[in-house]
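Engineer: Could you have a look at this structure, given as structure tokens, before my questions?
There are 4 protein chains.
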Amino acid sequence: MQKVAFVGLGSIGRPMARRIAAAGFPLTVWNRTRERATAFAGEHKARAATTAAEAASGADVVVTCLSTSLDVSDVLDAGLLDGIGAGSILLDCTSGDPATSRQIAERLAAKQVGFVDAPVSGGVRGAEEGTLTVMCGGDAKDLDRVRPVIEAFGKKIVHCGPVGAGDAVKAMNQALLALTIWGTGEALVALAKSGVSAQVALEVINASSGRSNASMNLFPERVLTRAFPRTFRLALLDKDARIAAQIARDERVPAPLTQLAADLCTLARQELGEDADHVEAVKVIEKWAGAEIR
Amino acid sequence: MQKVAFVGLGSIGRPMARRIAAAGFPLTVWNRTRERATAFAGEHKARAATTAAEAASGADVVVTCLSTSLDVSDVLDAGLLDGIGAGSILLDCTSGDPATSRQIAERLAAKQVGFVDAPVSGGVRGAEEGTLTVMCGGDAKDLDRVRPVIEAFGKKIVHCGPVGAGDAVKAMNQALLALTIWGTGEALVALAKSGVSAQVALEVINASSGRSNASMNLFPERVLTRAFPRTFRLALLDKDARIAAQIARDERVPAPLTQLAADLCTLARQELGEDADHVEAVKVIEKWAGAEIR
Amino acid sequence: MQKVAFVGLGSIGRPMARRIAAAGFPLTVWNRTRERATAFAGEHKARAATTAAEAASGADVVVTCLSTSLDVSDVLDAGLLDGIGAGSILLDCTSGDPATSRQIAERLAAKQVGFVDAPVSGGVRGAEEGTLTVMCGGDAKDLDRVRPVIEAFGKKIVHCGPVGAGDAVKAMNQALLALTIWGTGEALVALAKSGVSAQVALEVINASSGRSNASMNLFPERVLTRAFPRTFRLALLDKDARIAAQIARDERVPAPLTQLAADLCTLARQELGEDADHVEAVKVIEKWAGAEIR
Amino acid sequence: MQKVAFVGLGSIGRPMARRIAAAGFPLTVWNRTRERATAFAGEHKARAATTAAEAASGADVVVTCLSTSLDVSDVLDAGLLDGIGAGSILLDCTSGDPATSRQIAERLAAKQVGFVDAPVSGGVRGAEEGTLTVMCGGDAKDLDRVRPVIEAFGKKIVHCGPVGAGDAVKAMNQALLALTIWGTGEALVALAKSGVSAQVALEVINASSGRSNASMNLFPERVLTRAFPRTFRLALLDKDARIAAQIARDERVPAPLTQLAADLCTLARQELGEDADHVEAVKVIEKWAGAEIR
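Chains as they are written, first to last, in the numbering used here: chain V, 2 to 295; chain C, 2 to 295; chain B, 2 to 295; chain U, 2 to 295.
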């Protein structure tokens, strides 16, 4: 079985690594905050490395799951690039940006190391249950080699295109998530001020053509209940939506809704702080309108 | 059984009227183009009236199903208001605007005539099968009185609030439809230029958080196939989205995405013409980007 | 000389009325807060009326200078319509909206009273010095009759078109004001974060093609100094920009920048409060960016 | 006197080079289309080089005036980097982007070559008359060294900040130009449809707070006359506005108007073609509205 190194034991990374260990892959983990790696190694069949380079040394597949592509670059610069061996593959599950992923792939290629960008969708629960959707960019051959590792945590594995394609699809999905959250929020706040309850409005919309994952799941579960559980940070949605806006700009596609959604995420993040959940963005609309979605 | 008059035998109105006749309501129909009314009366158990006033005379419930609230006002001015009797109710299934509906309701109230705005969702097929969603605004008592008529063509009947509330919910649903069509179009065009096929992108998005009715149904069936069937005119979506934008503006809800979606519909309508289907709006993005969704 | 009634002694109305009195027109004034009218009558050659109807009674020209067209409608309803005599003219210097102005003109026409919408530009100082720009909508004959009164406070008097045309031009000017304030703010905040001082940037911009009244006058005098004097309320700019957005929507002109500028004014007003000056809107951009224009 | 090499004899570059020659600097010119360089050398006191490297060889100051920063990179790659000598300075008058300029500056620094980004404003006439505004980014010492050369064609020379600052200020000026052209266009088209002539509207706006260089100069001279002279290509304004949008995005400044202006330029360029003048962008608004600015 392939030897695997896992770098980045965050809220999604940890359950992914757990499933890799449970699937029987010899696993070494590394995390910037060392205690996390040690704790993980204590609980699962895995070894904690002191440095990212040490984790990568001897691994056939190095999995990274960090916040941004720049974080991946930084870890590479901080030693990972030296530790990773020729013939191995970097499987980057970060929700990254295509341009930086392409630069990383070039740097790795010079060392005979492959690269697959493979951001995931499905949240903490999907990671725990091994039902993540994994959108992959890179050579088909490289993807085939890392597929057994991906299968430990992913259910739907889609080859989207060349390096960066996985990042691009993920970013666009997130921009659509931002667009539907914010758009549904605008609609429900305006209706609330018109005297229509959000519950009634959603009952209609969710039986009609304007429905989306946001209107069918997020609003009933999180907004109408005012629960706003913190499952995915607005700061990360902002990052993703900005990547989507950047792709559209780079590809010379006039995309005014995508651009606007990205700016709305950025300002909502500034308004609500780094810890806010992505669905809390609707609170900004509520504040602007002086009315609550009810 | 209540005597029903039906005004407006368009593509949705005709099957609605047919179901009312089939349910056994004594029915008189009127249409601006008289041949349509005569033909309808020839095929179904209904009488064709020469004027809207004549149709309304003696009816307990007058159903209108026209393009805009202004059309309803015009028909009222052109005689309907004189023909309609005290104690009857106008059930307006037009996708109207709340402000004009409220004005119409006031004028009718002065003649002891009730008013319920009741725009529908579900398309021609929903009308034919009697499975329309009907969003109603007005007094609960008035709604109860017309409910048997609505049940002839509607399955999900939702009381949204006071007069205009049905229009408002319908308009907001349509704005969300416009937003998701256009937003998904932006994403898929940008991805196409990045080398990601639309089919692959939709496979991922439709298993992820950015999915919507547009991405799950409209794009696979109509855009990827390049079929673009003409089922609902862009001109009408433009009208609806403009009503939504107007409501947000009137209610002082900053709603930049809704406003932008309305403008995009207006310009796409100008670009593509009065006969274009609403989903064809994505062709404008394709033209701007010099690339096709594939 | 024509007898004049003046309704609305706000910050602009007062100096306008003062100049009318100084020009020798027999003047009666009325204000909702009665003390203002009494004080005015005490200081100038004018009579204070107890009601708007009383002020209008016997006047050849009734000047209104209120916040919104709805305020004008309200004052008409509250008695002014009864007091105003056949053959007289209502000269409405409110920054109004064309649709309401047209309705008011119709109501007055039924009583043989003329109507000219005549919003002004030039601020308190322009009013005091009689150098206001006055943009007029209505019949040329009606305008000719009120021109002597306008000349008491206006320098540049422009006949823009039929009733509502004055309102429309004023609103569009204000939307452009909002657009240039906000757009220049975006540019200077982004440059500040790039390490370019606002003073240097304005030195260049004001010698280049991107310059505007905002960049040449408002930013150097009010933003760079952080003085932000309160000369014209953001709440009024919001109202004006909303009228402009409404006109574009009604005329079916896709105007995404105008629509967005209106929403930005509305949200900035909610953020900064009813007393904020219009130029303070840039503080919202600064907050969103976490940086100050310096 | 410093020996100067000039690379890029386009419509702005040619008159700039002419003034440098006229000021007595020993000058070598190079242009991709060789005939231009030969023709220039035949008419002015200058030598035509066969390659960019040859032009740069022995020069104290190498001036580049190309379309984009990527063009500058390409010319560097194609030999200029080899030809340019240690101790010399690259004075880049391209309207470039800060990120690429910073990369270029780094590459040059490794060869002991200085870099100053120095985009210009003022058009062909400004270049011919030596009255350009020049916005400079880089070390003050480097700027001092190239100042004599800049003075040959520039009148107002502003040190904006570090490398890239000149590009940034230029881009933001252009974004404001795009914003005011498009915004004024929206206003005038909406007014035209309301029955207000553009000439009357501009008479008022240009005496009021919404005025800008666009409303005061471009619209009266180019739009009302329907002359639309081709002085500055829309394709270049699009490029500049996109740089501005990019800077705002990179600096995390929510700048929805700037982002929208950039997308409007991109789509107008696609609609009108590569040769269209920047002011012709208003024709897109006219098409969308079905009305002309008159």
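Just so it is clear, CB atoms sit at the ideal spot from N, CA and C, and this is done for glycine as well.
What number of angstroms, rounded off, separates the C-alpha of residue 170 of chain B from the C-alpha of residue 168 of chain U?
Structural biologist: Start at 1 with the first residue of the third sequence, and residue 170 of chain B comes out as number 169. Start at 1 with the first residue of the fourth sequence, and residue 168 of chain U comes out as number 167. For residue 170 of chain B and residue 168 of chain U, the distance between alpha carbons rounds to 36 Å.
Engineer: Quick one: grab the DSSP three-state call for residue 279 of chain B.
Structural biologist: By 1-based counting over the third sequence, the position of residue 279 of chain B is 278. Correct three-state label for residue 279 of chain B: helix.
Engineer: Closer than 7 Å: is that where the CB of residue 236 of chain C sits relative to any heavy atom of the ligand ZN?
Structural biologist: The model depicted lacks the ligand ZN and carries no ligand whatsoever.
Engineer: Taking a Cβ distance cut-off of 8 Å, strictly less, list which residues of the region 277-293 of chain B are near chain V, in chain order.
Structural biologist: Of all residues in the region 277-293 of chain B, 288, 289, 290, 291 have a Cβ within less than 8 Å of some Cβ in chain V.
Engineer: Touch check for the region 103-118 of chain U and the region 184-191 of chain U: three-plus C-beta pairs under 8 Å?
Structural biologist: Touching, no, given that fewer than three Cβ pairs across the two stretches are closer than 8 Å.
Engineer: With the cut-off set at 8 Å, would you say residue 83 of chain C and residue 54 of chain C are in Cβ contact?
Structural biologist: Position 82 of the second sequence, counted from the first residue, corresponds to residue 83 of chain C. Position 53 of the second sequence, counted from the first residue, corresponds to residue 54 of chain C. Yes; because the gap between Cβ atoms is below 8 Å, this pair is in contact.
Engineer: Does the beta carbon of residue 200 of chain C come closer than 8 Å to any beta carbon on chain U?
Structural biologist: Within the second sequence, numbered from 1, the residue matching residue 200 of chain C stands at position 199. By this cut-off, residue 200 of chain C is not an interface position.
Engineer: With a threshold of 8 Å between beta carbons, is residue 197 of chain V in contact with chain C?
Structural biologist: The residue you call residue 197 of chain V lines up with position 196 of the first sequence. Cβ-Cβ to chain C under 8 Å: yes for residue 197 of chain V.
Engineer: Taking 8 Å as the CB-CB cut-off, is residue 68 of chain U touching chain B?
Structural biologist: Taking the first residue of the fourth sequence as position 1, residue 68 of chain U is located at position 67. No, residue 68 of chain U lies away from the interface with chain B (no Cβ there is under 8 Å from its Cβ).
Engineer: Is the beta carbon of residue 292 of chain U closer than 8 Å to that of residue 176 of chain U?
Structural biologist: The count along the fourth sequence starts at 1 and reaches residue 176 of chain U at position 175. The count along the fourth sequence starts at 1 and reaches residue 292 of chain U at position 291. No, Cβ-Cβ distance for residue 176 of chain U and residue 292 of chain U is not below 8 Å.
Engineer: Where are the alpha helix (DSSP H) runs, 4 residues long or more, that stay fully inside the region 122-168 of chain U, in chain order?
Structural biologist: Qualifying alpha helix (DSSP H) stretches, in chain order: 124-130, 141-154.
Engineer: According to a CB-to-CB cut-off of less than 8 Å, which residues of the region 231-259 of chain V neighbour chain B?
Structural biologist: Correct list: 257.
Engineer: Taking any Cβ of chain U, which residues in the region 177-196 of chain C have a Cβ under 9 Å from it, in chain order?
Structural biologist: Flagged: no residues at all.
Engineer: Closer than 8 Å by beta-carbon distance: list the chain U residues that pair up with residue 134 of chain B, in chain order.
Structural biologist: In the third sequence, counting from the first residue as 1, residue 134 of chain B sits at position 133. Within chain U, the residues near residue 134 of chain B are 205, 208, 209.
Engineer: For residue 42 of chain B, which of B/146, B/139, B/21, B/207 has the nearest alpha-carbon?
Structural biologist: To locate residue 42 of chain B, count along the third sequence from 1; it is residue 41. Considering only alpha carbons, the answer is B/21.
Engineer: Tell me which residue opens and which closes the alpha helix (DSSP H) that residue 220 of chain V is part of.
Structural biologist: Your numbering for residue 220 of chain V matches position 219 in the first sequence. From DSSP, residue 220 of chain V is part of no alpha helix (DSSP H); its letter is neither H nor E.
Engineer: What is the DSSP secondary structure of residue 14 of chain C, counted as helix, strand or coil?
Structural biologist: Here residue 14 of chain C refers to the residue found at position 13 of the second sequence. It is helical.
Engineer: Report the rounded CA-to-CA distance for residue 6 of chain U versus residue 65 of chain U, giving the unit in angstroms.
Structural biologist: In the fourth sequence, the residue the question calls residue 6 of chain U occupies position 5. In the fourth sequence, the residue the question calls residue 65 of chain U occupies position 64. C-alpha separation (whole angstroms): 8 Å.
Engineer: Quick check: the Cα distance between residue 125 of chain C and residue 95 of chain C, rounded to an integer number of angstroms?
Structural biologist: As a working note, residue 125 of chain C is residue 124 in the second sequence. As a working note, residue 95 of chain C is residue 94 in the second sequence. Roughly 14 Å separates the two Cα atoms.
Engineer: Please list the terminal residues of the continuous beta strand (DSSP E) segment that includes residue 211 of chain C.
Structural biologist: The residue labelled residue 211 of chain C in the question sits at position 210 within the second sequence. Note, residue 211 of chain C: premise wrong, no beta strand (DSSP E); not H, not E.
Engineer: Here's the rule I'm using: 16 or more other beta-carbon atoms within 10 Å means buried, otherwise exposed. How should residue 29 of chain C be labelled?
Structural biologist: Along the second sequence, read from residue 1 onward, the residue named residue 29 of chain C stands at position 28. Classification of residue 29 of chain C: buried, given that the 10 Å Cβ count is 16 or more.
Engineer: Closest by CA to residue 157 of chain C, which one among C/128, C/165, C/172, C/178?
Structural biologist: Here residue 157 of chain C refers to the residue found at position 156 when the second sequence is read from its first residue. Nearest of C/128, C/165, C/172, C/178 to residue 157 of chain C, Cα basis: C/128.
Engineer: How about residue 9 of chain V and residue 91 of chain V: are their beta carbons less than 8 Å apart?
Structural biologist: Locating residue 9 of chain V in the first sequence gives position 8, counting from the first residue. Locating residue 91 of chain V in the first sequence gives position 90, counting from the first residue. No, Cβ-Cβ distance for residue 9 of chain V and residue 91 of chain V is not below 8 Å.
Engineer: Counting only the same chain and skipping the five closest in sequence on each side, list residues whose C-beta sits under 7 Å from that of residue 198 of chain V.
Structural biologist: Your numbering for residue 198 of chain V matches position 197 in the first sequence. Closer than 7 Å at Cβ, skipping near neighbours: 295.
Engineer: For residue 225 of chain B, does the three-state DSSP call read helix, strand or coil?
Structural biologist: As a first step, residue 225 of chain B must be located in the third sequence, where it is residue number 224. Note: residue 225 of chain B maps to coil in three-state DSSP.
Engineer: Got a sec: which bits of the region 136-170 of chain C sit with their beta carbon under 8 Å from any beta carbon on chain V, in order along the chain?
Structural biologist: Listed in sequence order: 136, 157, 159, 160, 161, 162, 163, 165, 166, 169, 170.
Engineer: Just to confirm, is the Cβ distance from residue 78 of chain V to residue 256 of chain U under 8 Å?
Structural biologist: Counted from its first residue, the first sequence places residue 78 of chain V at position 77. Counted from its first residue, the fourth sequence places residue 256 of chain U at position 255. Contact: no.
Engineer: Would a check of beta-carbon distances place residue 82 of chain U closer than 8 Å to chain C?
Structural biologist: In the fourth sequence, counting from the first residue as 1, residue 82 of chain U sits at position 81. Not an interface residue.
Engineer: Identify the continuous alpha helix (DSSP H) that holds residue 41 of chain V and give its terminal residues.
Structural biologist: Start at 1 with the first residue of the first sequence, and residue 41 of chain V comes out as number 40. 35-44 is the span of the alpha helix (DSSP H), which, as asked, contains residue 41 of chain V.
Engineer: Here's the rule I'm using: 16 or more other beta-carbon atoms within 10 Å means buried, otherwise exposed. How should residue 230 of chain B be labelled?
Structural biologist: In the third sequence, counting from the first residue as 1, residue 230 of chain B sits at position 229. Looking at its Cβ environment, which holds fewer than 16 other Cβ atoms inside 10 Å, residue 230 of chain B is exposed.
Engineer: Is the separation between the beta-carbon of residue 173 of chain U and that of residue 71 of chain B shorter than 8 Å?
Structural biologist: One-based indexing of the fourth sequence puts residue 173 of chain U at position 172. One-based indexing of the third sequence puts residue 71 of chain B at position 70. Against a cut-off of 8 Å, the Cβ pair of residue 71 of chain B and residue 173 of chain U comes out as no contact.
Engineer: When DSSP builds the beta bridges, which residues end up paired with residue 48 of chain B?
Structural biologist: Position 47 of the third sequence holds residue 48 of chain B. B/29.
Engineer: Between V/258, V/268, V/142, V/132, which has its C-alpha nearest residue 1 of chain V's C-alpha?
Structural biologist: The structure shown has nothing for residue 1 of chain V, since chain V only spans 2 to 295.
Engineer: So, for residue 147 of chain V: in the same chain, excluding its five sequence neighbours on each side, which residues have a beta-carbon less than 7 Å away from its beta-carbon?
Structural biologist: The residue labelled residue 147 of chain V in the question sits at position 146 within the first sequence. So the qualifying residues of the chain are 62, 90, 92, 117.
Engineer: Helix, strand or coil, according to DSSP, for residue 115 of chain V in the structure here?
Structural biologist: Numbered from its first residue, the first sequence carries residue 115 of chain V at position 114. Strand, per DSSP.
Engineer: So with CB distances below 8 Å, who are the chain B contacts of residue 261 of chain U?
Structural biologist: On the fourth sequence, residue 261 of chain U is found 260 positions in, with the first residue counted as 1. Within 8 Å Cβ-Cβ: 257, 258, 261.
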